[in-house]
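Read through the structure below, which is laid out as structure tokens, and then see the notes.
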Amino acid sequence: MSISDSATVPASQAPALRWFALLLLCAAYIQGPVTKILDFNGAIGEMSHFGLSPAPVFAVLVIILELVTTAMILTGRWRWLAALFLAGFTLVATFIALRFWELPPGQERMMA
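Position 63 of the sequence shown, counting from 1, maps to 56 under our numbering, and the rest follow consecutively.
What follows is the structure, encoded as structure tokens:
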């Protein structure tokens, strides 16, 4: 056995590395709600900008969804369900924020 063989450990046998990888995958879903909490008026403005009303309710729901699902993923509790919720949230948020179909035809439309 060489030194390189003993240094290679599958991710399944390195729980700290696996948890850190999950943390990196969830980083955007941690940063988002923390920013919204620290600037709640900005979060309300963001919800209003995208036409979500009542904006304060949507801001709180988004904060809760992102924090709870991230915690579920990092702790391993119903990880698959939390990942499914985040995937659905990301899909819905993308279509709310990037309304490319409302742009006039042309190159600008393809850049959305």
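For every residue, glycine included, the Cβ atom is placed at its ideal position computed from N, Cα and C.
I'd like the ranges of any alpha helix (DSSP H) spanning at least 4 consecutive residues and lying wholly in the stretch 56 to 101. Listed in chain order, the complete alpha helix (DSSP H) runs (minimum 4 residues) inside the stretch 56 to 101 are 72 to 90.
Extent of the continuous alpha helix (DSSP H) run through alanine 21: 20 to 31
Touching by the beta-carbon criterion (3+ pairs, under 8 Å), the stretch 56 to 64 and the stretch 75 to 93: yes
Please name the residue in Trp94, Thr83 and Leu67 whose C-alpha comes closest to that of proline 8. Leu67
With 16 other Cβ atoms within 10 Å as the buried cut-off, status of isoleucine 108: In the structure displayed, the chain extends from -6 to 105; residue 108 sits before or after that span and is not available.
Supposed close pair proline 49, isoleucine 37 - CB separation, criterion 8 Å: 5 Å
Taking 8 Å as the limit between beta carbons, can you name the residues of its chain near phenylalanine 43, skipping five residues before and five after? Ile89 and Ala90
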